[in-house]
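Per our numbering, residue 95 is the first one in the sequence shown, and the count goes up by one each step.
Notes follow once the structure below has been shown.
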Amino acid sequence: MAERKPVESWLTDMDGVLVHEGTIIPGADEFIRRLRESGKPFLVLTNNSIYTPRDLHARLVGIGLDVPEECIWTSALATAKFLDGQRPGGTAYVIGEAGLTTALHQIGYVLTDTRPDYVVLGETRTYSFEALTKAIRLINDGARFICTNPDETGPSTEGVLPATGSVAALITKATGVEPYFVGKPNPLMMREALNTLNAHSESTVMIGDRMDTDIKSGMEAGLRTVLVLSGLTQQSEVERFPYRPSRVVKSIVELIDEI
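What follows is the structure in structure tokens.
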């Protein structure tokens, strides 16, 4: 990493890097504080499309992690930015929560179930059979199929929950139409984050806890990548992948002095 340009901006995943099951990972609060004091641009990324950045800011503050609203980048925001670039002022039938519907409203999209340009599938804790049936029929009638992220399961206090990727598979099985996934590991989410920061890939680091999403998308977007072992991917699993992170560290605490 020393041979490349100095690090001027930072991207980091949230779950498994900064927080774990509703508690702060040791060192995460100091890492964010150092970033804010340094003045270097940064974004906290999440594939979760349920919450708006304002909601996530409040939830993080509630556990002691003060991440500014403008420093949170969700798959819902990335999806909205993608759609705004593809078909400005379009229409969509949305299955999701406030994080997604708010992001689409902010780009001027009309949410409708009457001949929409897109069916947009995001995360929700209440997937309904009626809504999925409507989505299937709209896609069969010609609506384009977009998903905020490919995550197949999500965590809860009771155990795993089916997430966007699993529900997308159901819709694909019924329609024969594969969705376009915007969130990680699509490097598009990284590039849109870089554009939001007005940052360059050669001087930006992506920190994540998953080889198959965080590290893959960071690598494909041309970023330096740091895998932390405080989340899903363990040290013994790293060598199983055909690509490698730039570095592997135990946790975010090892990066504090590098800001």
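The beta carbon of each residue, even a glycine, is placed where N, CA and C say it ideally should be.
Where residue 330 falls, given that 16 or more other Cβ within 10 Å makes a residue buried: exposed
Per DSSP, cross-strand counterpart(s) of residue 203: Answer by DSSP bridge pairing: none, since residue 203 is not bridged.
Contact check, residue 107 vs residue 301, beta carbons under 8 Å: yes
Residues that residue 114 bridges to, as DSSP identifies them: 117
Spatially closest choice to residue 311 from 239, 288 and 234, by CA coordinates: 288
Alpha carbon of residue 349 to alpha carbon of residue 202, nearest angstrom: 39 Å
Helix, strand or coil at residue 254 according to DSSP, with G and I counted as helix: coil
Distance between beta carbons of residue 215 and residue 261, contact taken as under 8 Å: 6 Å
Reduced DSSP secondary structure (H/G/I, E/B, other) of residue 271: coil
Three-state class that DSSP yields for residue 338 in the structure shown: coil
Close Cβ partners of residue 149 (< 8 Å) along its chain, the five nearest in sequence each way excluded: 192 and 193
Touch test, the segment 126-144 against the segment 239-248, Cβ-Cβ under 8 Å, three pairs minimum: yes
Span separating the alpha-carbon of residue 218 from that of residue 205: 17 Å
Identity of the residues DSSP links to residue 136 by a beta bridge: 104
Supposed contact pair residue 298 and residue 104 - C-beta distance, whole angstroms, cut 8 Å: 7 Å
Alpha carbon of residue 268 to alpha carbon of residue 256, nearest angstrom: 17 Å
Endpoints, beta strand (DSSP E) assigned at residue 313: First-last for residue 313: 310-314, but that is the alpha helix (DSSP H), not the beta strand (DSSP E).
Presumed contact (8 Å Cβ cut-off) between residue 119 and residue 129, rounded CB distance: About 15 Å separates the two Cβ atoms, so there is no contact after all.
Residue of 233, 286, 263 and 336 minimising C-alpha distance to residue 305: 336
DSSP-derived helix/strand/coil call for residue 332: helix
Environment of residue 280 [buried if 16+ CB atoms lie within 10 Å]: buried
Residue 351 (DSSP reduced to helix, strand or coil): helix
First and last residue of the uninterrupted alpha helix (DSSP H) at residue 155: 147-156
Length at least 4, wholly inside the segment 188-237: the alpha helix (DSSP H) runs in chain order: 192-200 and 223-234
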